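Notes follow the structure.
Chains as they are written, first to last, in my numbering: chain A, 1 to 154; chain B, 1001 to 1154.
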């Protein structure tokens, strides 16, 4: 329903939840911070300058958006978002947490596999102005965030 | 945990979920679009210019933020967000949906009762730039949105 992925779309998130690294996805397995039967969470490949190391939580089974997502997945993602928020507070010493989830191109959805963002927030970080200036990072730049977060998700 | 409401805080959301209208809250009962045992959803009292009639979903029992919220509430809010998203697509003929949830003042939280925003999105609506220019509306301005949405939540 309301799908926008082209017919030959190569999903950049499906390989990552299957443990694969290839040319379709920027996600490396060192980005993985949480996984259960239903959902996985990764450090996002793109960083927002004032909110480094933010996380996306995704369903392990492909759904494009919130309209398509079976309820058990959306419920589990919300529960995991609470875990990640708590862990991020300690691991990153951030001053707040914002969660954000976009559907359809007009809603700023770029990757057509449901993904739920969890951002660390800091005083005057200007998150909303900076969302349009995301920067692709290297796996080496991301891994310290994954390591810190995993410590607090145990 | 990580609470910011002052000691004598008068919660503007608690009266509304109890069915009350008073000077502590802008929310009127005509703003209510959904209610079950755990959560309620209202048309937000403040409008964002390009995203009129957006909704907040709140726990009926007071929790300040995501860290405090019992899991059954966050799970239910996520399930209701999916219902509202689907209803909004039809009721508002919008081009997308964005959900947003803020915690702590540094995370742009202004009302200290957990609330989960569901925004209708439109091409080039510039939501993120406009978030800081919210406008207090009248109950009369909000009620057509509540009526439309309720029609599609039945």
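Cβ atoms here follow ideal geometry from the backbone N, Cα and C, with glycine treated the same way.
All values derive from a computational prediction rather than experimental measurement.
Going by DSSP, which residues form a beta bridge with residue i?
{"i": "residue 1020 of chain B", "result": "For residue 1020 of chain B, which the question treats as bridged, DSSP gives no partner whatsoever."}
{"i": "residue 41 of chain A", "result": "A:34, A:57"}
{"i": "residue 118 of chain A", "result": "A:55, A:99"}
{"i": "residue 1135 of chain B", "result": "B:1047"}
Report the rounded CA-to-CA distance for residue i versus residue j, giving the unit in angstroms.
{"i": "residue 1059 of chain B", "j": "residue 1038 of chain B", "result": "6 Å"}
{"i": "residue 102 of chain A", "j": "residue 116 of chain A", "result": "8 Å"}
{"i": "residue 1118 of chain B", "j": "residue 1084 of chain B", "result": "8 Å"}
{"i": "residue 1033 of chain B", "j": "residue 143 of chain A", "result": "43 Å"}
{"i": "residue 1099 of chain B", "j": "residue 22 of chain A", "result": "30 Å"}
{"i": "residue 42 of chain A", "j": "residue 1149 of chain B", "result": "35 Å"}
{"i": "residue 50 of chain A", "j": "residue 73 of chain A", "result": "30 Å"}
{"i": "residue 90 of chain A", "j": "residue 120 of chain A", "result": "11 Å"}
{"i": "residue 1026 of chain B", "j": "residue 11 of chain A", "result": "44 Å"}
{"i": "residue 125 of chain A", "j": "residue 1134 of chain B", "result": "19 Å"}
{"i": "residue 14 of chain A", "j": "residue 70 of chain A", "result": "16 Å"}
{"i": "residue 1016 of chain B", "j": "residue 1029 of chain B", "result": "7 Å"}
{"i": "residue 1106 of chain B", "j": "residue 127 of chain A", "result": "10 Å"}
{"i": "residue 113 of chain A", "j": "residue 62 of chain A", "result": "6 Å"}
{"i": "residue 6 of chain A", "j": "residue 1005 of chain B", "result": "47 Å"}
{"i": "residue 1153 of chain B", "j": "residue 8 of chain A", "result": "34 Å"}
{"i": "residue 95 of chain A", "j": "residue 1093 of chain B", "result": "37 Å"}
Answer with buried or exposed for residue i, where buried requires no fewer than 16 other C-beta atoms within 10 angstroms of its C-beta.
{"i": "residue 1138 of chain B", "result": "exposed"}
{"i": "residue 76 of chain A", "result": "buried"}
{"i": "residue 3 of chain A", "result": "exposed"}
{"i": "residue 54 of chain A", "result": "buried"}
{"i": "residue 104 of chain A", "result": "buried"}
{"i": "residue 65 of chain A", "result": "buried"}
{"i": "residue 109 of chain A", "result": "buried"}
{"i": "residue 36 of chain A", "result": "exposed"}
{"i": "residue 19 of chain A", "result": "exposed"}
{"i": "residue 45 of chain A", "result": "buried"}
For residue i, which residues in chain A fall below 9 Å Cβ to Cβ?
{"i": "residue 1066 of chain B", "result": "81, 82, 85, 86, 97, 99"}
Just the chain B side, please: which residues come within less than 9 Å of residue i by C-beta, in chain order?
{"i": "residue 74 of chain A", "result": "1075, 1078, 1079, 1081, 1082"}
Chain A partners of residue i, CB-CB under 8 Å?
{"i": "residue 1071 of chain B", "result": "79, 82"}
{"i": "residue 1122 of chain B", "result": "106"}
{"i": "residue 1002 of chain B", "result": "89"}
Show which residues of chain A have a CB atom less than 7 Å away from the CB atom of residue i.
{"i": "residue 1062 of chain B", "result": "Within 7 Å Cβ-Cβ: nothing; residue 1062 of chain B doesn't reach chain A, min ~17 Å."}
Can you list, in chain order, the residues of the stretch 1088–1116 of chain B whose Cβ is nearer than 9 Å to any Cβ on chain A? 1089, 1094, 1095, 1096, 1097, 1098, 1099, 1100, 1101, 1102, 1103, 1104, 1105, 1106, 1107, 1108, 1109, 1116
Name the residues in the stretch 1130–1151 of chain B whose C-beta lies less than 8 Å from a C-beta of chain A; which are they? 1131, 1132
Going along the stretch 20–54 of chain A in order, which residues come within less than 9 Å of chain B, judged by CB to CB distance? Answer in chain order: no residues at all.
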